[in-house]
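Down below is the structure, laid out as C-alpha cells.
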Amino acid sequence: MTTGPERGPAVSRRSWSSGSSNVTTLQAGRGEWYCALAWARSLGERGRQADALEALSSYLATGWWTAVVAAAELLEGWGRVDEGGRL
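Each residue of the sequence shown is one higher than the one before, counting from 7 in this note's numbering.
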C-alpha cells in the first residue's frame, strides 16, 4: 500500500481512470492538490486551457513552487513556453 505524499497522486489517478471524475472534480474544488492537478490536466487535454489554469489558480496565487512547476509544465505541453517562464 502506498502511503505518504505519493499516495495522493495514485488515488487521484485511480479515481479519474475508473470514471470517478465527479469525485475528483469535487475534491479539486475543496483544495485537494492532486485532484486539482488531475482536473487541470483533463481540462487541458480537452482544449480548455484557460479553465485548466483557473483550476490551479488558488495554488499559483500562494507562490507554491510545486504548483508553479506543474502549471509551467502544462503550458509547455500546450506550446506556450514563454508564458510558463513568466509564472
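Built from N, CA and C at the ideal position, the CB exists for glycine as well. If you're wondering where the values come from, they're calculated on a predicted model, not measured in any experiment.
Within a 10 Å sphere around the beta-carbon of G53 sit fewer than 16 other beta-carbons, which makes this residue exposed.
Just so you know, the alpha carbons of G91 and Y40 end up roughly 22 Å apart. The DSSP assignment places complete alpha helix (DSSP H) segments of no fewer than 4 residues inside the region 28-90 at 39-51, 55-67, 71-83, in order along the chain.
Taking C-beta atoms as the reference points, L80 and A46 count as a pair closer than 8 Å.
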